[in-house]
Each structure stands twice: as C-alpha cells, then as structure tokens.
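Only one structure is covered here, and it is reproduced in the block below.
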Amino acid sequence: MRVVLTGAAGFIGGAVATALTEAGYEVVGVDVMLPQAHGDDAPLPPDVLLRDVRDADAWTDLLRGADAVCHQAAVVGAGVKVADLPEYASHNDLGTAVLLAAMHTVGVDRLVLASSMVVYGEGRYRCAEHGDVTPPPRPVAALEAGDFEVRCPRCAGALAWATIDEDAPLAPRGAYAASKAAQEHYAASWVRQAGAAAVALRYHNVYGPHMPRDTPYSGVAAMFRSALERGEAPRVYEDGTQVRDFVHVADVARANVRALEAVAAADAGDWRAYNVASGRPVAIREVAELVAAGTGRGISPEVTGEFRPGDVRHIVASPELAERELGFRAEVRPEDGLAEFATAPLR
Numbered sequence: 028m029r030v031v032l033t034g035a036a037g038f039i040g041g042a043v044a045t046a047l048t049e050a051g052y053e054v055v056g057v058d059v060m061l062p063q064a065h066g067d068d069a070p071l072p073p074d075v076l077l078r079d080v081r082d083a084d085a086w087t088d089l090l091r092g093a094d095a096v097c098h099q100a101a102v103v104g105a106g107v108k109v110a111d112l113p114e115y116a117s118h119n120d121l122g123t124a125v126l127l128a129a130m131h132t133v134g135v136d137r138l139v140l141a142s143s144m145v146v147y148g149e150g151r152y153r154c155a156e157h158g159d160v161t162p163p164p165r166p167v168a169a170l171e172a173g174d175f176e177v178r179c180p181r182c183a184g185a186l187a188w189a190t191i192d193e194d195a196p197l198a199p200r201g202a203y204a205a206s207k208a209a210q211e212h213y214a215a216s217w218v219r220q221a222g223a224a225a226v227a228l229r230y231h232n233v234y235g236p237h238m239p240r241d242t243p244y245s246g247v248a249a250m251f252r253s254a255l256e257r258g259e260a261p262r263v264y265e266d267g268t269q270v271r272d273f274v275h276v277a278d279v280a281r282a283n284v285r286a287l288e289a290v291a292a293a294d295a296g297d298w299r300a301y302n303v304a305s306g307r308p309v310a311i312r313e314v315a316e317l318v319a320a321g322t323g324r325g326i327s328p329e330v331t332g333e334f335r336p337g338d339v340r341h342i343v344a345s346p347e348l349a350e351r352e353l354g355f356r357a358e359v360r361p362e363d364g365l366a367e368f369a370t371a372p373l374r
C-alpha cells in the first residue's frame, strides 16, 4: 500500500513515517519545513520531498498511484498573537482543502487526518446541582483575580471535569483549534461529495523525542523541557491543577497505522473521528514535576498564576472508542514517558 505522508519531517510525522515503513507501507514523505517547527535553514531529510501543501500543482504526480494520504502537516500550538491567524487558516485549512481537491482529481479516496482534542474547546463538565453543563469562556476579570475555576452558568459553583467523547459538539476556542475543526469539516464534506472514506485522529498533548525546542508554538512539555535544559525552573500557568492527557509520540504513530488499516477497509462515505490519548489524565503541575524529576537536577517548577485568555481549564477525552473500533490502546504511561522525556533529544 502506497501512502503519501504530509509533514513527514516533523516531530510527529517522522515517527509516523517510521511506524508505517515498519508496518510494510510504501511511504512518500513531503514537508514544507516551516521555521516554527524546524528552525531557520534546517536541512531537508534525505527521504522527504520539499512541497507546500497549498500548492495544487505539486500534488498530481505525488498522488498518482497512491492508495491513501496520511495528512500530518499543520501549523500547531496555541498561537502567540492575533497576527498568527492567517498562518493557521492558510496552512491548515486552505492546505487541507487544496489537498482534498487534488486527491479527488487523481482518484485517491482514503485519508487519515491528524486532528486534535482542542476541537472540543472547554471539554465536559458536571455541576453537583445541575448535572452536565456547558460553561461559557472564563471571564478575564476572574482570571486576573486568580479564580481559574470553570463555574456553572446557573449557580456559579465550581465544576468538576469529566471525559468527553467523540459525539460531543465541536466548540474551538483558539486559532489553532478553529483551524483543526475546519480541517475536520472539510474532510467530512469531501467524504460525502467524493464517495471517499476518512479517519480523523484527535491527538491529545503529544510529547517525545525530537520535539522542537525553545518555541511557543511547541507543546507545553517541550517548553518545560527547554527551560530545564537552560537550568531554569519550568513556569506553570494558572494554579497548575488544570488537567490534560499526555500521549507519547510512539503511541500516536501506532494509532496512525491502525487508522490506515481501518480506512483502507472502510465503505465509501465512511467518516470517523477517534480520540488518541493515554487514558491517564494528569495535572499540568505534575507534568512539570515529572519532567523536572527526570533530569535529576533538583529543579522544582514555578507556579506563576499567569494565564492566557484563550486557554481552556480542563480537557480530557475518552480513549474508549479508539480501543473498541481501531484496537488501539496507548502503551506508554505518562509517569514513565514524561520522566524519560527529560533527557530525550530535542530539535
């Protein structure tokens, strides 16, 4: 089976390329080598072609003879400034639309799309009095006062988080989140119009070797790791009790292999989305502590009380559907993987 893999030189794409090759797939890797992920003047890996996903003319020859596309290419991260909005829209959304149109022209009708749990927005919450509720964004005034809790819109009581599943409505809160939701909508529309099949994998916080260092567009685990490498304490925003799920890049790569197997056997018109998570939620302060402990240098994280208005409080998705339908279950526990990540090589 011949697979075109976008973002093949990236942190996740490189791991996916290795996993697909080991599983017996013929992989054609492409990447645009954005400075945010690779740094300035980074060398192109010898087995990766330099291509811009937004360039329609670049796709015809690459896609001819392919059986599927595994689309990992995207501008990632929470975004630093409002001026980042066009970058997310251009690379993530226009790029995906161009790719899907080219796939239809050439006749490639199987897709695995790298999505993200950020499409859910604030996640799922329960009020002790009112049950499941959908909270509004947290007021900036409350965040400035150090009140980081998500509160019930009816009684103002603090809400408890619960795991969210794939049937939840998409409610993105930031630029990156909006672009990932748009990618899913384009892919679902393509499936219906083209009689194709696709699987979207909603990654949780991915970490592991070869993450980009010293960039706010990287993941929070890499930022903690970079601070420790400089001999500085990791800076933890809010009060550090916000909860996430951290999944190792090796597990993400295995999920992509399972997704390609599934989409290859799917019926025309089949669209599925799956959460890709470790299933072991962890507080952000604990993440910093695990990475710090892995260095053996006795550096403790600093909980700063800082905040970003676009951040959500808690987001933890259920991995049960992926296990049931894809046969995928994460193997690396965060308590092990994050400690090992402390000394893993960064890009």
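Offset between the sequence shown (1-based) and our numbering: plus 27. All C-beta atoms in this analysis are idealised placements derived from N, C-alpha and C, irrespective of residue type, glycine included.
With a 10 Å radius around its C-beta and 16 neighbouring C-beta atoms as the bar for buried, classify residue i as buried or exposed.
i	result
G51	exposed
C182	exposed
S216	exposed
G321	buried
P70	exposed
Within its chain, find whatever has a CB closer than 7 Å to the CB of residue i; leave out the 5 residues flanking it on each side and keep chain order.
i	result
R285	L353, G354, F355
G267	A310, I311, R312, V330
Do residue j and residue i have their beta-carbon atoms positioned less than 9 Å apart in this structure?
i	j	result
V303	A369	no
V80	V139	no
A366	G306	no
A344	R200	no
G246	A198	no
V233	F273	yes
P196	R374	no
T33	D58	yes
A282	A349	yes
Out of the options, which one is the CA nearest neighbour of residue i?
i	options	result
A101	V43, V109, L76, G37	G37
G316	L255, D82, L89	The sequence as given places Glu at residue 316; Gly does not occur at that position. The shortest C-alpha separation from E316 is found at L255.
R137	P328, D294, I311	D294
S253	A349, P346, G235	G235
P328	E350, P261, L348, G34	P261
R340	A185, L373, I326, V233	A185
D21	D84, D88, E53	The requested residue 21 does not occur in the structure, where the chain is confined to residues 28 to 374.
R312	A282, A208, F251, L76	F251
I342	R324, V270, R257	V270
R360	L89, V314, H237	V314
A141	K207, H237, G56	K207
A209	D120, T161, H157, A169	D120
P72	A83, H212, A35, K108	A35
G325	G258, L112, G56	G258
Taking 8 Å as the limit between beta carbons, can you name the residues of its chain near residue i, skipping five residues before and five after?
i	result
G296	V218, R219, G222, A223, A224
P163	P180
Between which residues of its own chain and residue i is the CB-CB distance below 6 Å, once the five residues before and five after are set aside?
i	result
D94	M28, R29
A280	A42, V43, A46
R153	D159, A187, A189
H231	M144, D272, V274, A304
P308	V270, D272, V343
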